[in-house]
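Since the structure comes first, as structure tokens, the remarks are kept for the end.
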Amino acid sequence: MDMVKAAKELLLQDKVDIFLGYRKLDGHQIPHGFTKAHVDDLDQLEISLNRYPLEKIACDLAQKDPALKIGILARDCSQRALNLLYTWDQLNPENIETLTVNCCPSPLSTHGDCSYLTPKPTGDYKKAHGVDYNDSPKDFLANHDSGERLSRWMYEFQKCIKCYGCRNVCPVCFCKECSLEHPNLVEPGVLPAEVPIFHLIRATHMAGRCIDCGLCEDACPAHIPLRMLYREVNDAVSDIFGYVPGDHIEKSPFSIIGKTVELTPAPMDV
Amino acid sequence: MDCEFVPSVCSYCGTGCGVLFEVIDGRINRTLPLKSHPVNQGKLCIKGWNLHEYINSYMRLKGPLVRENGRLEKATWDEAVNQAARRFTRIKEEHGPDSIGVLVSAKITNEENYLAQKFTRAVIGTNNVDHCARL
Ligand code: SF4
Ligand code: SF4
Ligand code: SF4
Ligand code: SF4
């Protein structure tokens, strides 16, 4: 397999200190950090149908050693996440090497090799009262008035068990202090989760940031169509600012902290 | 720098969700849900997501403590087990086996739970045994 050869070369030629990919352990396809000392382990390298946030793992490593050179097996979503993490100074592009593989269909790519090729089934009750995983934000807006949209999203949000899994798994949720843990916004230790504020905080943060990998939706025990929610906010961002997060290495129109910038808004038809 | 992932089972409740520990240089740094685990299929509750915090907590007990004159003192396993055995034997002799009850936990394995009830019934001699999953 060419991928194995390429990854071995990266390690043996000291282009990277560690290579993040997948391997099979105890029957599970899981991430692994391959190193030069055990370079032959790369013979077990797998692309894995189960995706994990390798870019988040890379950030964990870079935080411990900012000079560490990291190789990553990168699907399309990883590539978008990396672009975004570069622009937010969470990873240094000079320290990252990617080996790319084909992946999931998304607004930016139509071909995929992973689990997203099979759309998630939405049950009849969810279709009638909640939000279809596979609905397009534009159709959802066109087909339901604002009252119905609210009631459908509230049906979804009130199932939340406040596990914070959506934030924990998200490759672009890297804040040291997260608003979802701020006592003035979300009361700690209180269940059920305060809705819709909990989800709307995260939705506003994902504007100009979510790279549409879908890992949050995979991790949500309450089956809330989070990916669709953040697609909805990012549709607005791309309509108004022409910005698609992770598309290329370009700062988000919202990265204005400590600077003076001029935002040029365009009209939004809702 | 070493970074490996270790599949395990959440020890917080009897559901037994599959977790994946991110281990950097020998220390657990993050917990992720194991996506291919049949029980939780890549999802966790808030306790499972934070397993690494109690493993790394400085409050974590790493050895037995024995209460001497009202204060907890470090002890060896032999000392602690002998002390417990002595005191249980005395309670049993003075007040009878039904004065003792055993509560077992979903955080230990099936086999350990089996041993605990066997110990309660056959060694202590009481049926006062229950399990937290029945609460
Ligand atoms: S799809 Fe979810 S996990 Fe992925 S970047 Fe967006 S918010 Fe984060
Ligand atoms: S939810 Fe918002 S504040 Fe929390 S980590 Fe994500 S982007 Fe940061
Ligand atoms: S993953 Fe789902 S259930 Fe958990 S906090 Fe996020 S929205 Fe709520
Ligand atoms: S993650 Fe939550 S539900 Fe799963 S075993 Fe742990 S405590 Fe129980």
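These protein sequence lines are chains A and B, in that order. To convert a position in the first sequence, counted from 1, into our numbering, add 7. Take the second sequence: its position 82, counted from the start at 1, is 65 in our numbering, and no numbers get skipped. Using N, Cα and C, we set each Cβ at its ideal position, and we do this for glycine too.
Asked, Found
"Contact belief for A:Leu192 with A:Ile218 at Cβ below 8 Å, rounded distance in angstroms", "Not confirmed; about 24 Å, so no contact."
"Presumed contact (8 Å Cβ cut-off) between B:Gly(-3) and B:Leu17, rounded CB distance", "Not quite, the Cβ-Cβ distance comes to about 17 Å (not below 8 Å), so this is no contact."
"Whole-angstrom distance between B:Phe(-12) and B:Val6, CA atom to CA atom", "6 Å"
"Proximity below 7 Å, CB of A:Glu53 to CB of A:Tyr29", "yes"
"Inter-residue Cα distance where the pair is A:Phe248 and A:Lys258", "12 Å"
"Closest by C-alpha distance to A:Asp146, when choosing among A:Met235, A:Phe205, A:Asn99", "A:Met235"
"Proximal residues to A:Lys31 (C-beta, below 7 Å), its chain only, five neighbours per side dropped", "Gln51, Glu53"
"Endpoints, beta strand (DSSP E) assigned at A:Lys31", "25 to 32"
"Close-in-space but distant-in-sequence residues of the same chain around A:Thr107 (CB under 6 Å, 5 per side omitted)", "Ala81"
"Beta carbon of A:Glu104 nearer than 7 Å to that of A:Lys22", "yes"
"Distance CB(A:Gln165)-CB(A:Val197) smaller than 7 Å", "no"
"Nearest to A:Gly221 (by Cα), restricted to the options A:Cys185, A:Ile64, A:Tyr59, A:Ala65", "A:Tyr59"
"Heavy atom of ligand 2 within 6 Å of A:Leu187 beta-carbon", "yes"
"Distance between beta carbons of B:Ala63 and B:Pro47, contact taken as under 8 Å", "4 Å"
"CB contact flag (A:Cys180, A:Arg174, <7 Å)", "yes"
"Close-in-space but distant-in-sequence residues of the same chain around B:Cys(-14) (CB under 6 Å, 5 per side omitted)", "Ile7"
"4-residue-minimum alpha helix (DSSP H) runs that sit fully inside the region 120 to 182 of chain A, ordered along the chain", "131 to 136, 144 to 150, 153 to 164, 172 to 176"
"A:His212: CB within 6 Å of a non-hydrogen atom of ligand 2", "yes"
"DSSP-derived helix/strand/coil call for A:Val193", "coil"
"Any C-beta of chain B under 7 Å from that of A:His255", "no"
"Any C-beta of chain B under 7 Å from that of A:Leu106", "no"
"Outcome for A:Pro199 when other beta-carbon atoms lying within 10 angstroms are tallied against a minimum of 16", "exposed"
"Reduced DSSP category for B:Asn23 - H, G, I as helix; E, B as strand; rest coil", "coil"
"Run of the beta strand (DSSP E) containing B:Leu48, from where it starts to where it stops", "48 to 51"
"Beta-carbon proximity list for A:Ile204, same chain, < 8 Å, skipping 5 on both sides", "Leu192, Val193"
"Chain-order list of residues whose beta-carbon lies under 7 Å from that of A:Leu187 (same chain, five-residue window excluded)", "Tyr171, Arg174, Val193, Phe205, Ile208, Arg209"
"C-alpha distance - A:Asn57 paired with B:Trp32, whole-angstrom precision", "18 Å"
"CB contact flag (B:Gly(-1), B:Val22, <7 Å)", "yes"
"Cβ separation of B:Gly25 and A:Ala226, assumed to be a contact under 8 Å, to the nearest whole Å", "6 Å"
"Contacts that A:Asp67 makes with chain B (C-beta to C-beta distance below 9 Å)", "Cys(-14), Glu5, Ile7, Asn12, Arg13"
"Which of helix, strand or coil DSSP assigns to A:His255", "coil"
"Any C-beta of chain B under 7 Å from that of A:Cys220", "no"
"Option in A:His255, A:Gly215, A:Ile256 with minimal Cα separation from A:Asn241", "A:Gly215"
"For B:Gly1, three-class secondary structure by DSSP", "strand"
"Uninterrupted alpha helix (DSSP H) stretches inside the region 192 to 237 of chain A (no shorter than 4 residues)", "204 to 213, 222 to 226"
"Coil, strand or helix - A:Ser245 by DSSP", "helix"
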